[in-house]
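When you line the sequence shown up against the numbering used here, it's residues 9 to 674, in that order.
The C-beta atom is built at its ideal place from N, Cα and C for all residues, glycine as well.
Data block below; observations after.
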Amino acid sequence: MRERAGQSYRNLLRFYRYGFAYWRTIVLALCCMMVYSAAALCAVLLIHPLIDAFRSDGAPAQAVQADRIAEPVVPAEVAPMPEEDGHDGAQEPAFTGLREKTKEWFLGLPIVRRVSAWLLDDLSLTRIALVLLFAIGPPFLAAGFLQEYLSGRVVWNVLADMRVAVFDRLSDLSLSYFARHRTGDIVSRLTNDISRTETALGVIFSKIIMDPLMLVMFIGLALWYSPELALISSLTAPPFIFVISRFGSRIRRRAGKMLERLADVTDAVTQMLNGIRVVKAFHMETAEREEFRTRNHAQVQRALKLVRSEAWAGVLPHFLGGVLATTLVLMVADWLVANRGLQLKEALGCIIALGLIEGRVRRIVKAYNSLQRSTASVNRLFEIVDSEPDIRDAPDAVDLDSVGNGIEYRNVWFSYGDEPVLKDICLFVPAGKTYAIVGETGAGKSTLLDLIPRFYDVTDGAVLVGGIDVRHVGRHSLMDQIAIVGQHPFLFNRSIAENIRYGKPGADDEEVRQAAAAANIDAFIRGLPEGYETVAGEAGDRFSGGQRQCITIARALLKNAPILILDEATSSLDAESEMLVQKALGTLMEGRTTLVIAHRLSTVRHADRIVVLHRGRIVEQGTHEELLALQGEYFRLCRMQFASADGPGAPVQAPPARIPQEGETK
């Protein structure tokens, strides 16, 4: 438990380090906090002269008489001067008499008479205090606004940086990570958890820094008014601290469980949206709604447990500070005034300061509870950031300039967990040749090809390209040599041009058009209203399967990589689309080292060599005709496939010999 709490606080400190990049803004925000706090303290200090003005030795000050307002009090510096040297005013220049008359008229104005009386009566100290209260208003307002704005600016920048850090790490992780984690959970961390960390940042600026600062000021003020009363009130601190620490860990723990249930809700939504066609096809809307309600209800139950903990964590400190502490302070204050000579104005000042302390403590407690809840989100984010990629470049990694003599599997073993999928694979694919990989579902065909681009690393043995173990090749350099066309063509929700240009960032429009033309899709794209700027839609759902596949082939053509991997590239297409795609693939395969996976054995008859996998082992190799002659596993697969097409018992015959191309030996 303590270890987990320590890790949580370490993660929180790591999270706050993201704010160091904005230290100038933070310093400016802190300065504004200082001004704001000082203005608030000045407002409290003005209570003392106000009490002095309204109370003298326990008796009310004399009321201002109405005739004092009616009769103006003329300041000495503006009162008429006595005549000097025996001269009367009539002997002065004419403009002097006019000046005196103007002064007399001005001082006789009702508004001037009232202002003069207001400033110079017996309650001048009160007036000055009120003027000062109004004077500190503008800096108080400006400092408060700037502090909120600047801290908000830092908060949103840090959230953006954290989101980028999580996304960057996700993009670096290998496929095995995504096989172990649900998409909904990952999406929930990038959205819900990131949003909740805003509270942690906001708390730091608005409460964890400013409120303790003002708390210290108010404590000093209370000690200045009455040390005895302030110290006695501190007796309620130990139970206060105990309650906070007890509920803080509980809130953090329950917040983490609530976020896990929230990820379940997000996962239910993600699965339903991704599989909406299946849901509709099987009329499973009701079942999906029930599944969502079940997960949503579980999340609400977790949230209610969190709410209960937060409610107790809020009300118990309020009871200790607002009820017990107030009762204790009032009783002690009454005794000190009656028996120890504590002046009433000092008692009132101390009580007001203690009330402000209690208010700030309540805000800090609330901030602490919010911080504990945010800590659970921070922990979940750093679980991703701290995930180490299974696939990374070796310290001695080199760049791969070419395929060299080809691709070699040397005694390769691979396992998912404890179950071996590939067993002692030995295979050499010469450069420029086309090898087809066939076998039953689950034989390990896709896994075999996934080892070349290092989507996974071998458990034992080695995969070599150009005589170099791929584990000692820089991944960027390795991927530059490989183009992949998969069974399920994926297009980003961007323009067609951007999707094709994904194969070669920075390619100009003419290169994109040429790649599309080679993939037999240029005419279709030009026929669209927006041409190459047409947005493909989510996962390319605006186009048919064949059109999407041709666009992905254009992407691979633009990359112009020497190694080509075709993983069931035509298995999900209709006959017309397959014909279109096969033409594009023929262009794509020219001059490249190609590895093909296909369930339709008719599409791999003309491969230079066919490799048959059975339960993770290579059981046969050869041309189509050679493998049929063996009447082994490949013959069995062909018989099942062609028998299902032509009817039971249909014979399996070798097709006519392929006509040799120019430059080939007959």
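For residue 431, three-class secondary structure by DSSP | Looking at residue 431 - three-state DSSP - the assignment turns out to be strand.
Based on the DSSP output, what are the partners of residue 350 in its beta bridges?
-> Residue pairing by DSSP places residue 350 in no beta bridge whatsoever.
C-alpha distance - residue 33 paired with residue 204, whole-angstrom precision = Answer to the nearest angstrom: the Cα atoms are 22 Å apart.
Could you confirm whether any beta carbon from chain C is found closer than 8 Å to the beta carbon of residue 552?
-> No chain C is present in this structure, which holds just one protein chain.
Do residue 548 and residue 497 come within 8 Å of each other at the CB atom, strictly closer than that value?
-> Taking a C-beta distance under 8 Å as the contact criterion, residue 497 and residue 548 qualify as a contact pair.
Contact set for residue 595: own chain, Cβ-Cβ below 6 Å, skip 5 residues either direction = If you ignore the 5 residues before and after residue 595, its C-beta comes within less than 6 Å of the C-beta of 526, all in its own chain and listed in chain order.
Helix, strand or coil for residue 378 per DSSP?
-> In the displayed model, residue 378 falls within a helix according to three-state DSSP.
Using three-state DSSP, classify residue 513 as helix, strand or coil.
-> Looking at residue 513 - three-state DSSP - the assignment turns out to be coil, as it is neither helix nor strand.
How is the beta strand (DSSP E) around residue 493 delimited, first residue to last?
-> Residue 493 -> beta strand (DSSP E) spans 490-493.
Residue 590 by DSSP, collapsed to three states: which one?
-> Residue state, collapsed to three classes: helix.
Which stretch, first to last residue, makes up the beta strand (DSSP E) that contains residue 414?
-> It spans 414-424 - the beta strand (DSSP E) in which residue 414 sits, taken as one unbroken run.
Taking residue 470 as part of the alpha helix (DSSP H), name the residues at either end of that continuous run.
-> Per DSSP, residue 470 belongs to no alpha helix (DSSP H); it is in the beta strand (DSSP E), 468-473.
CA-CA distance, residue 545 and residue 220?
-> Between the alpha carbons of residue 545 and residue 220 lies a gap of roughly 52 Å.
Going by alpha carbons, who is nearest to residue 407 out of 196, 444, 480 and 47?
-> Of the candidates 196, 444, 480 and 47, the one whose C-alpha sits nearest the C-alpha of residue 407 is 480.
Starting from the C-beta of residue 398, find all residues in its chain whose C-beta is less than 6 Å away, skip the five residues before and the five after it, and write them out in chain order.
-> Excluding five sequence positions before and after residue 398, the CB atoms of its chain that fall closer than 6 Å to its own CB belong to 182 and 184, given in chain order.
Cα-Cα separation, residue 155 to residue 250 | Taking the straight line from one Cα to the other gives about 32 Å.
Anticipated Cβ contact below 8 Å, residue 435 with residue 174, distance rounded | Not quite, the Cβ-Cβ distance comes to about 39 Å (not below 8 Å), so this is no contact.
Among 365, 252 and 644, which one has its Cα closest to the Cα of residue 239?
-> Of 365, 252 and 644, the residue nearest in Cα terms is 365.
For residue 640, the first and last residue of its enclosing beta strand (DSSP E) | No residue range can be given for residue 640, since it is assigned to no beta strand (DSSP E) and is classified by DSSP as neither H nor E.
Between which two residues does the alpha helix (DSSP H) harbouring residue 619 extend?
-> From DSSP, residue 619 is part of no alpha helix (DSSP H) but of the beta strand (DSSP E) over 617-622.
Starting from residue 447, follow its DSSP beta bridges and name the residues at the other end.
-> In DSSP, residue 447 forms a bridge with 621.
State buried or exposed for residue 453, treating a residue as buried only when at least 16 other CB atoms are found within 10 Å of its CB.
-> Buried, since its Cβ has 16 or more Cβ neighbours within 10 Å.
DSSP state of residue 506 mapped onto helix, strand, coil | Per DSSP, reduced to three states, the secondary structure at residue 506 is helical.
Excluding the 5 residues preceding and the 5 following residue 22 in the sequence, name in chain order all residues of the same chain whose CB lies nearer than 6 Å to its CB.
-> For residue 22, where only same-chain residues beyond five positions count, there are no Cβ hits under 6 Å.
Rounded C-beta distance between residue 163 and residue 209? I'm assuming under 8 Å.
-> About 4 Å separates the two Cβ atoms, so the contact holds.
Residues that DSSP places opposite residue 166 in a beta bridge = DSSP output for residue 166 lists no bridge partner at all.
So what does DSSP say about residue 553, is it helix, strand or coil?
-> Here residue 553 sits in helix by DSSP.
C-beta atoms of residue 627 and residue 615 nearer than 8 Å = At the C-beta level, residue 627 and residue 615 stay beyond 8 Å of one another.
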